[in-house]
Amino acid sequence: MSQGHRSGHRSRGRGESSPPPARDRVLVLPGEEIPGSALRPGAGTYRLGGKVYASVLGLLEPKPPFVTVIPLSGRYIPKAGDTVIGIVTDCQTTFWLLDIAAPRWAPLHVTGSPWKVEVGETDRYLRVGQAVVVRVESLEATGRIGVTMLGDGLGKLEEGTIVSVSPARIPRVVGRNGSMVRSITAHTGSQIAVGQNGRIWIGGSPEAIQRTREALRMIDEQGQHRGLTARVESYLSSTDRPGDRGPERVPVESAHRDAVPHELPPLPAEPDAGGPDGPGADDAAEY
Amino acid sequence: MGSVGAKEVPVLLSPEGLRIDGRKLDELRPIRIRAGPLHQADGSAFVEWGANKVMAAVYGPREVHPRHLQQNNKAVIQCRYNMAAFSVDERKRPGLDRRSQEISKVIAEAFESVVFAEEYPRTSIDVYIEVLQANAGTRCAGLVAASVALADAGIPMADLLPAVAVGKIDGKIALDLKKEEDNFGEADLPMALVPQSGRLVLLQMEGHMTPEELSRSLDLGVAGCKVIYEKMKQALRDRYATTELPGGSA
Chain A
192 MSQGHRSGHR
202 SRGRGESSPP
212 PARDRVLVLP
222 GEEIPGSALR
232 PGAGTYRLGG
242 KVYASVLGLL
252 EPKPPFVTVI
262 PLSGRYIPKA
272 GDTVIGIVTD
282 CQTTFWLLDI
292 AAPRWAPLHV
302 TGSPWKVEVG
312 ETDRYLRVGQ
322 AVVVRVESLE
332 ATGRIGVTML
342 GDGLGKLEEG
352 TIVSVSPARI
362 PRVVGRNGSM
372 VRSITAHTGS
382 QIAVGQNGRI
392 WIGGSPEAIQ
402 RTREALRMID
412 EQGQHRGLTA
422 RVESYLSSTD
432 RPGDRGPERV
442 PVESAHRDAV
452 PHELPPLPAE
462 PDAGGPDGPG
472 ADDAAEY
Chain B
166 MGSVGAKEVP
176 VLLSPEGLRI
186 DGRKLDELRP
196 IRIRAGPLHQ
206 ADGSAFVEWG
216 ANKVMAAVYG
226 PREVHPRHLQ
236 QNNKAVIQCR
246 YNMAAFSVDE
256 RKRPGLDRRS
266 QEISKVIAEA
276 FESVVFAEEY
286 PRTSIDVYIE
296 VLQANAGTRC
306 AGLVAASVAL
316 ADAGIPMADL
326 LPAVAVGKID
336 GKIALDLKKE
346 EDNFGEADLP
356 MALVPQSGRL
366 VLLQMEGHMT
376 PEELSRSLDL
386 GVAGCKVIYE
396 KMKQALRDRY
406 ATTELPGGSA
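Top line first, the protein sequences correspond to chains A and B.
All you need for our numbering is the position in the first sequence, starting with 1, plus 191.
All you need for our numbering is the position in the second sequence, starting with 1, plus 165.
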């Protein structure tokens, strides 16, 4: 199976160049003039000599009084309120630096963590390479990205696997009203937490994780095609085994998963598992 | 330079006015561009241009390394052009040399004039160009590949950047020199064009030309760039256009 779909991907570059049907939104490339633009240039566009041009590769989206281009590729651009998955890249005395797949690293201050951290002891709670679920709180003009770990569904990730897809594909991963995520978890019995930055946490049995990965890779590679939901559905059905139907109940609270798939689910592990001498989750109340 | 070595100067133009590979003077070599062959990079492109094969990868905008290069008001564009040891007949000594440093610099500067770097202050946009097989015109092929890779990486910019070299062989102006023509010709003039504004953002010259020849060369090069521009756009369309999945519905 995996073979078949890989070779399908390879042929994509040259083969299918037929023009898209009319109901598709228009694909524009950097430097392309946006015709008939009485509208003002918005995100992803610029004006020169009275004409409006696209500045990024993406889909044309008129939002009167602006015309904008929704990017189809590129790094994650943080938005306040987004829930994202970060990887610790550095431990400073009062904050951690997180790689959230954005242009800059995001500082997570100890006051934004559920623990009572002594100055200089950040690395006793989170070490370089560990993964956390955080929420983007503030964006400054300097490009600094403020994040917090205090909130529902936020915290440290203790188990499972993280895969990355293009951030532009996240809406397809989630599906309409979460249909895609629901379909994948129902077929494979895995649990999924989607970060808006393109990182996706998968929990469950090794086999469930493997099939989920495969499905996510299909979405990442074929996301621009129509009929993707059906394609993923048929892949999942074809690899279903009789016992697989319905989420197999993984121990304890990790099996909570009726949460809205768009939101990150509560963490599989106790939040205080990270502190060495167990400064508990109840400390969070102090902040 | 044509006199160096024992090799005889080949006949660059036939009596009918055709070049050694049968091209006319204003004809490009065949070009194939593929956007997005690499998965690890934020954007990538592979260009086959005549016998040249060039891979470009773009990372970023991301944290700047080394830190002191960071700019508070815009992204820095760092470019590394490298030729593989096996890219030419005689093994190329690997690593940085004067030539590759110069090419890295002029390509980075060409991109600085089209990329909207102010949108990502304190970051770096890293462009890697690896020449796997070389046959003259690799800086242009590398620039074309890097430009498609930048668009693939979602970097905002004024336009794509097509590039081509014009040269002089047997006293005649010719488009897109191949290796023998470059080695034994009289001049080489690589250029990169911003098609939307008509500005040239890279222009170098080696050899000799009269002012009239230079002016004709520029016209020929601009015409060539426009052909390449269309191929670059098609490569990106092929990758991103919405298509029907065979067997899929809705």
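Think of the CB as a built atom: it goes at the ideal place given N, C-alpha and C, for glycine as much as any other residue.
Note that the structure is a prediction, hence the values are computed from the model and not measured.
6 angstroms CB neighbourhood of residue i in its chain, flanking five on each side removed
i, result
"A:Asp273", "Val327, Gln387"
"B:Arg184", "none"
"B:Gln369", "Pro355"
"B:Asp291", "Tyr224, Gly225, Gln243"
"B:Arg381", "Ile338"
"A:Thr284", "Val310, Gly311"
"B:Ile196", "Trp214, Lys396"
"B:Ser269", "Cys244, Arg245, Tyr246"
"A:Asp281", "Leu288"
"B:Arg404", "Ala200, Gly201"
"B:Gln235", "Val229, Arg287"
Three-way DSSP call (helix, strand, coil) for residue i in this model
i, result
"A:Tyr426", "helix"
"B:Arg264", "helix"
"A:Asn368", "helix"
"B:Ser269", "helix"
"B:Met166", "Low confidence applies to B:Met166: its pLDDT is 49, below 50, so where it sits in the model is not reliable, and the reading given next is rough at best. Coil at B:Met166, not helix or strand."
"B:Val279", "coil"
"B:Ala240", "coil"
"B:Thr407", "coil"
"B:Glu346", "helix"
"B:Ala328", "strand"
"B:Arg227", "strand"
"A:Glu224", "strand"
"B:Pro195", "coil"
"A:Pro212", "With a pLDDT of only 42 at A:Pro212, under the threshold of 50, the placement of this residue in the model should not be trusted; the figure read from the coordinates follows. Looking at A:Pro212 - three-state DSSP - the assignment turns out to be coil, as it is neither helix nor strand."
"B:Gln205", "coil"
"A:Arg363", "helix"
"B:Pro376", "helix"
"B:Gln298", "strand"
"A:Glu412", "helix"
"B:Val387", "helix"
"B:Ile338", "strand"
Proximal residues of chain B, C-beta to C-beta of residue i below 7 angstroms
i, result
"A:Gln283", "What A:Gln283 touches in chain B: nothing, since even the nearest Cβ is about 15 angstroms away."
"A:Arg295", "Glu228, Arg287, Thr288"
"A:Thr259", "The contacting residues do not exist; A:Thr259 stays about 12 angstroms from chain B at best."
"A:Thr379", "The premise fails here: A:Thr379 is roughly 21 angstroms from chain B at the closest Cβ pair, so nothing lies under 7 angstroms."
For residue i: DSSP bridge partner residues
i, result
"A:Gln382", "A:Gly394"
"B:Arg245", "B:Tyr293"
"A:Trp296", "In the DSSP output, where bridge partners are listed per residue, A:Trp296 has none listed."
"A:Pro253", "A:Val258"
"A:Thr352", "A:Ile393"
Buried versus exposed call for residue i [16 or more other C-beta atoms within 10 Å across all chains shown]
i, result
"B:Gly302", "buried"
"A:Ala229", "exposed"
"A:Ala332", "exposed"
"B:Asp317", "buried"
"B:Thr408", "buried"
"B:Glu173", "exposed"
"A:Asn368", "exposed"
"B:Arg264", "exposed"
"B:Thr375", "exposed"
"A:Leu395", "According to the sequence provided, residue 395 of chain A is Gly. The question's Leu does not apply to it. Classification for A:Gly395: buried."
"B:Val211", "The sequence given here places Phe at residue 211 of chain B; Val does not occur at that position. The residue in question, B:Phe211, is buried, as its Cβ has 16 or more Cβ neighbours within 10 Å."
"A:Glu350", "exposed"
"B:Gln205", "exposed"
Within chain A, partners of residue i - CB distance below 7 angstroms
i, result
"B:Gln361", "Gly222, Tyr244"
"B:Leu401", "Leu220, Leu248"
"B:Lys218", "Per Cβ cutoff of 7 angstroms: no residues; B:Lys218 is ~15 angstroms from chain A at best."
Contacting residues, own chain, Cβ-Cβ under 7 angstroms from residue i (five flanking each side not counted)
i, result
"A:Asp411", "Val356, Ser357, Arg360"
"B:Asn300", "Gly215, Ala216, Asn217, Lys343, Lys344"
"A:Ser264", "Leu248, Ser357, Ala359"
"A:Ser329", "Ala271, Gly337"
Contacts that residue i makes with chain A (C-beta to C-beta distance below 8 angstroms)
i, result
"B:Leu325", "Leu220, Pro221, Gly222"
"B:Phe281", "Tyr237, Ser246"
"B:Lys391", "Within 8 angstroms Cβ-Cβ: nothing; B:Lys391 doesn't reach chain A, min ~12 angstroms."
"B:Tyr405", "Leu218, Leu248, Leu263, Ser264, Gln415"
Proximity test, residue i beta-carbon vs the ligand HEM heavy atom, cut-off 7 angstroms
i, result
"A:Leu248", "No copy of the ligand HEM appears in this structure; indeed no ligand is present at all."
Chain-ordered chain A contacts of residue i [CB-CB under 9 angstroms]
i, result
"B:Met248", "Near B:Met248 there are no residues of chain A at all, since even the closest Cβ is about 25 angstroms away, more than 9 angstroms."
"B:Met322", "Pro221, Gly222, Ser246, Val247"
Contact list for residue i against chain B, beta-carbon separation under 8 angstroms
i, result
"A:Arg231", "Within 8 angstroms Cβ-Cβ: nothing; A:Arg231 doesn't reach chain B, min ~17 angstroms."
"A:Gly334", "Tyr285, Pro286, Arg287, Thr288"
Chain-order list of residues whose beta-carbon lies under 8 angstroms from that of residue i (same chain, five-residue window excluded)
i, result
"A:Leu427", "Ser374, Ile375, His378, Thr379, Arg402, Ala406"
"A:Val319", "Val279, Thr280, Asp281, Cys282"
Within chain B, partners of residue i - CB distance below 9 angstroms
i, result
"A:Ser342", "Looking at the sequence provided, one finds Gly at residue 342 of chain A rather than Ser. What A:Gly342 touches in chain B: nothing, since even the nearest Cβ is about 26 angstroms away."
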